[in-house]
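Numbering (our numbering), first residue to last: 8 to 403.
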């Protein structure tokens, strides 16, 4: 059946195999579908957060010691809506690392030389990071450029060119070392340079606004998550575990990360990026630093991510989703959705004259509308991408 003439009626197994044709057929479908579903879930959560930014007057944005005044009350409902979207960025970087492992394996199996693979990663990294110009056009004042998740992903891709050559155990060790030690590195840089660190330090380690840039996602914090995903992707490719084995592995890893969160947040010292608990309430336990990501933030979000993935591997095996499943569609076209939902939400709020004037209901309604409007476009783009594997769409 021609997918362009028959919509998305092709079986999910065909879609999954076409995504990574070089992988073994056994258990591949469940792996890829589960990863796509997880990616789709975080895209929906991300849309809720960005819709809240566009419409919600009471949005809470206190995810850094730089943005929070100790003693300020955090409204629980607003806080929890913002908090549930924290899952997005760590999960997306982790999944990007897994996808990178699959991509490198596929290109090697196609006979591509290592230099050609490097060029592919370099080009993709520059294109993804360059798309921040598009986002900045809609969300920043003229002449100011925001470097957030696309910058982190793009620059991490470039740095993975040499790092993909190290043994998997070394990559995993480097990932964990970065997660644990970057707070110390940040403290040392602040002690040396004060309130005006050099540009390289801001781009790599410390969030800041060296005009005309606003760096929200310094590369190294997020490279650690891509390295972790790369290591997991290598495990998938080399060990070929069954969905049940994967679920047990992920549940164990998720439990360890959540225990790590409980320890780091409970001690309330190093690992919290100076955003400490004001008391023992649930809101204060969950009030962790995202800018930059603290060890408590990463262990909490990855712990949740791993547990969700464990469930999705089993669910997608027992109840394979239809190709038209919205989470599957968004999860297979995440960059396309990301680039379109920003102007849709921001310009929509501005045209309606309600930018930052409504409440949480409007935030959820706006996100739902964005998903409904972009869903058919994402389905069409998925078909286009499958038919044009070697064009610009391979990078977006």
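Using N, Cα and C, we set each Cβ at its ideal position, and we do this for glycine too.
Which of the three DSSP states is assigned to residue i in this structure?
i           : result
residue 170 : helix
residue 290 : helix
residue 65  : coil
residue 221 : strand
residue 239 : helix
residue 215 : strand
residue 277 : coil
residue 364 : coil
residue 113 : helix
residue 203 : coil
residue 397 : coil
residue 32  : Model confidence at residue 32 stands at a pLDDT of 36, short of 50, so the residue's coordinates are unreliable; what they give is reported in the following sentence. Coil.
Apart from the five residues on each side of it in sequence, which residues of its chain come closer than 6 Å, Cβ to Cβ, to residue i?
i           : result
residue 295 : 301, 303, 304
residue 260 : 313
residue 86  : 67, 290
residue 402 : 131, 134
residue 204 : 196, 213
residue 279 : 301, 303
residue 81  : 290
residue 161 : 132, 135, 136
I need the straight-line Cα distance from residue i to residue j, nearest angstrom please.
i           : j           : result
residue 362 : residue 353 : 8 Å
residue 323 : residue 40  : 7 Å
residue 98  : residue 49  : 7 Å
residue 336 : residue 206 : 38 Å
residue 331 : residue 277 : 46 Å
residue 258 : residue 202 : 41 Å
residue 124 : residue 114 : 7 Å
residue 328 : residue 228 : 34 Å
residue 106 : residue 240 : 7 Å
residue 111 : residue 159 : 20 Å
residue 244 : residue 342 : 24 Å
residue 108 : residue 168 : 12 Å
residue 271 : residue 357 : 42 Å
residue 320 : residue 383 : 26 Å
residue 165 : residue 74  : 30 Å
residue 122 : residue 208 : 29 Å
residue 96  : residue 381 : 21 Å
residue 77  : residue 90  : 18 Å
residue 318 : residue 345 : 25 Å
residue 232 : residue 392 : 27 Å
residue 216 : residue 138 : 19 Å
residue 157 : residue 100 : 10 Å
residue 275 : residue 236 : 27 Å
residue 163 : residue 129 : 10 Å
residue 372 : residue 141 : 24 Å
residue 292 : residue 186 : 19 Å
residue 266 : residue 255 : 17 Å
residue 397 : residue 127 : 11 Å
What span of residues does the alpha helix (DSSP H) with residue i cover, start to end?
i           : result
residue 49  : 35-62
residue 74  : Premise fails: residue 74 is in no alpha helix (DSSP H) and is neither H nor E.
residue 186 : 175-200
residue 367 : 367-394
residue 403 : First-last for residue 403: undefined, no H or E at that position.
residue 119 : Per DSSP, residue 119 belongs to no alpha helix (DSSP H) and is neither H nor E.
residue 4   : In the structure as shown, the chain begins at 8 and stops at 403. Residue 4 is therefore absent and cannot be evaluated.
Would you mind reading off the limits of the beta strand (DSSP E) that contains residue i?
i           : result
residue 146 : Element bounds for residue 146: not the beta strand (DSSP E) but the alpha helix (DSSP H), 139-146.
residue 358 : No beta strand (DSSP E) holds residue 358; the alpha helix (DSSP H) holding it covers 341-359.
residue 154 : 152-154
Can you list, in chain order, the residues of its chain whose CB lies under 7 Å from that of residue i, leaving out five sequence neighbours each side?
i           : result
residue 70  : 296, 297, 298
residue 223 : 153, 154, 155, 214, 298
residue 234 : 104, 170, 178, 181, 182
residue 94  : 49, 52, 308, 311, 312
residue 191 : none
residue 175 : 238, 241
residue 316 : 41, 45, 257
residue 210 : 222, 225, 226
residue 38  : Its pLDDT being 49, under 50, residue 38 is placed unreliably by the model, and the measurement read from it follows with that caveat. These residues qualify, in order along the chain: 243.
Any C-beta of chain C sitting closer than 8 Å to the C-beta of residue i?
i           : result
residue 286 : The structure shown has no chain C; it contains just one protein chain.
Quick one: what's got a C-beta closer than 8 Å to residue i's C-beta in the same chain, skipping five residues either side?
i           : result
residue 367 : 59, 63, 65, 84, 85, 88
Any beta strand (DSSP E) of 3 or more consecutive residues that is wholly inside the segment 282-332: none
Minimum length 4: unbroken alpha helix (DSSP H) runs contained in the segment 243-275: 250-274
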